[in-house]
DNA sequence: GGTACCCGCCATACACCGTATGGCTGAGGA
DNA sequence: TCCTCAGCCATACGGTGTATGGCGGGTACC
């Protein structure tokens, strides 16, 4: 209940305008009451982040070449981020969006293995890819991407180019 | 004066602990006096960011293959970011670190042109690379990189891997 | 020389924030 | 029946950014 309400406020007005008092008002409750369910505001934001990222717990990439699978995975990550861009923008700057051994991570490693990447490289390359795509999405939700490329192009032009480039990079080492 | 003092506080204690009152105390001045030189706190932070990024106005990549030049450029960006990681961490989450037509940008495009990338691709690829490296550095200053890869490795292991991957990606399209 | 002006500084005040502290209420177990 | 404790709340503290208005002194003009 609390987390959902907080998420609603964040989606509407951004993280910086979420206050315990506003949240309490939205819940029809005294501000201090919230502290019986949440340690502090940081923990609240952490909880909201998990609420969202857990929403995409089951990720499946179906068929196709490993290139298509990687692309599909990246776009999965993207729609997840854009759905709650205000929240994600904050979460990226705190960290914690990319969880080692999360569903995204495991799927990614599986795809890389399927691509024929030598085993000792899989984890490290997976981490690097996750970080690169994460950073990429961060610049997309904070507007940098649109500022540098957008200008009349399709929304995902920059993202698409970047993913292509990353896939070529992976291809060079299988 | 003001900007330098603010930068000192940020470097020492982080952006979130920079307040107008603390800054004023550091300057031996009344809090409200600052507002005669800076519109508001956001503008102050913006000014500090420019102070730092302008510090690296002249960027030269000397000799070597375009791969070596790209790598050198990326590491230039990295040392700039790590020198004031607290500030950069905030600046990335607001945007504005990566300036189109900044010195970094122009050097990057020049290197790409030298690599033989077809002209219409240069700008877009440059933007994508800038964004990717920017996001990469963001995850490095906020600790995600260390969490995913670091663990006893050299500090720049993840960064180095990522840059290699990006260079291979560029190589695939020249 | 007088005077109007404006720049830099400051004192006060407002609204808001996160949250420490402690008290109330009502339900459930001993 | 009594104790405990989870949940809620009222109050208060120290912090925040900044709007407002006043003050002093240097500068430009009559």
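Protein chains in written order, with this note's numbering: chain P, 10 to 183; chain L, 10 to 183. Cβ atoms here follow ideal geometry from the backbone N, Cα and C, with glycine treated the same way. Remember, it's a predicted structure, so these values are computed and weren't measured experimentally.
(message) By the DSSP assignment, the alpha helix (DSSP H) with residue 129 (chain P) in it spans what residues?
(response) Sequence index remark: in the first chain, residue 129 (chain P) carries index 120 (1-based). Looking at the DSSP string, the run of the alpha helix (DSSP H) that includes residue 129 (chain P) is 128 to 150.
(request) Rank P:51, P:24, P:57 by C-alpha distance to the C-alpha of residue 12 (chain P) and give the top, closest one. (result) Here residue 12 (chain P) refers to the residue found at position 3 of the first chain. The shortest Cα separation from residue 12 (chain P) among P:51, P:24, P:57 belongs to P:57.
(request) May I have the straight-line CA-CA distance separating residue 15 (chain P) from residue 17 (chain L), to the nearest angstrom? (result) Here residue 15 (chain P) refers to the residue found at position 6 of the first chain. Here residue 17 (chain L) refers to the residue found at position 8 of the second chain. Roughly 35 Å between the two C-alpha positions.
(request) Look up residue 66 (chain L) in the DSSP assignment and say whether it is helix, strand or coil. (result) Within the second chain, numbered from 1, the residue matching residue 66 (chain L) stands at position 57. Coil.
(request) Determine whether the Cβ of residue 177 (chain P) lies closer than 8 Å to any Cβ atom of chain L. (result) In the first chain, the residue the question calls residue 177 (chain P) occupies position 168. With 8 Å as the cut-off, residue 177 (chain P) counts as an interface residue toward chain L.
(request) Starting from residue 167 (chain L), find everything on chain P with Cβ-Cβ shorter than 9 Å and list it in chain order. (result) If you number the second chain from 1, residue 167 (chain L) lands on position 158. Near residue 167 (chain L) (Cβ distances below 9 Å), the residues of chain P are 133, 136, 137, 140.
(message) List, in chain order, every chain L residue whose beta-carbon is nearer than 9 Å to that of residue 101 (chain P).
(response) Within the first chain, numbered from 1, the residue matching residue 101 (chain P) stands at position 92. Residues of chain L passing the Cβ test: 101, 102, 144, 147, 148, 151, 153.
(message) Would the stretch 166 to 182 of chain L count as touching the stretch 127 to 138 of chain P if we require 3 or more Cβ pairs under 8 Å?
(response) yes
(message) Between the alpha carbons of residue 85 (chain P) and residue 175 (chain L), how many angstroms are there, rounded?
(response) Taking the first chain and counting its residues from 1, one reaches residue 85 (chain P) at position 76. Taking the second chain and counting its residues from 1, one reaches residue 175 (chain L) at position 166. Rounded to whole angstroms, residue 85 (chain P) to residue 175 (chain L) spans 21 Å at the Cα level.
(message) For residue 172 (chain P) and residue 80 (chain P), I'd like the C-alpha separation in whole angstroms.
(response) Along the first chain, one-based indexing puts residue 172 (chain P) at 163. Along the first chain, one-based indexing puts residue 80 (chain P) at 71. About 7 Å.
(request) Would you check if there are 3 or more beta carbon pairs closer than 8 Å linking the stretch 142 to 157 of chain L to the stretch 86 to 99 of chain L? (result) yes
(message) On the criterion of 16 or more Cβ atoms from any shown chain inside 10 Å, does residue 62 (chain L) qualify as buried, or is it exposed?
(response) Reading the second chain from its first residue, position 53 is the one you call residue 62 (chain L). Residue 62 (chain L) is buried by the Cβ-count criterion.
(request) Determine the extent of the alpha helix (DSSP H) in which residue 87 (chain P) is found, giving its start and end residues. (result) Walking along the first chain from the start, residue 87 (chain P) turns up at place 78. Counting along the chain, the alpha helix (DSSP H) containing residue 87 (chain P) begins and ends at 75 to 92.
(request) Can you tell me which of L:72, L:36, L:54 puts its alpha carbon nearest to the alpha carbon of residue 25 (chain L)? (result) Residue 25 (chain L) sits at position 16 when you count from the first residue of the second chain. Cα-wise, what sits closest to residue 25 (chain L) is L:54.
(request) Kindly indicate if chain P contains any beta-carbon less than 8 Å away from that of residue 109 (chain L). (result) Residue numbering aside, residue 109 (chain L) sits at position 100 when the second chain is read from its first letter. Judged by the 8 Å Cβ criterion, residue 109 (chain L) is in contact with chain P.
(request) Answer yes or no: do residue 33 (chain L) and residue 42 (chain L) have a C-beta to C-beta separation smaller than 8 Å? (result) Taking the first residue of the second chain as position 1, residue 33 (chain L) is located at position 24. Taking the first residue of the second chain as position 1, residue 42 (chain L) is located at position 33. Cβ distance < 8 Å, so residue 33 (chain L) and residue 42 (chain L) count as in contact.
(message) Using CA atoms only, rank isn't needed, just tell me which of P:104, P:20, P:40, P:70 is closest to residue 118 (chain P).
(response) Here residue 118 (chain P) is taken as the residue at index 109 of the first chain, counted from 1. With distances taken between Cα atoms, residue 118 (chain P) lies closest to P:70.
(message) Quick check: is the beta carbon of residue 182 (chain L) nearer than 8 Å to any beta carbon in chain P?
(response) The count along the second chain starts at 1 and reaches residue 182 (chain L) at position 173. It does; some Cβ of chain P falls within 8 Å.
(request) Could you list which residues in chain L have their beta carbon closer than 8 Å to that of residue 171 (chain P), in chain order? (result) Translated into the one-based positions of the first chain, residue 171 (chain P) becomes position 162. 137, 140, 141, listed in chain order.
(message) Between the stretch 150 to 157 of chain P and the stretch 97 to 109 of chain L, can you find at least three pairs of beta-carbon atoms closer than 8 Å?
(response) yes
(request) State the Cα-Cα distance for the pair residue 125 (chain P) and residue 29 (chain P), rounded to the nearest angstrom. (result) Counted from its first residue, the first chain places residue 125 (chain P) at position 116. Counted from its first residue, the first chain places residue 29 (chain P) at position 20. Using only the alpha carbons, I get a separation of about 50 Å.
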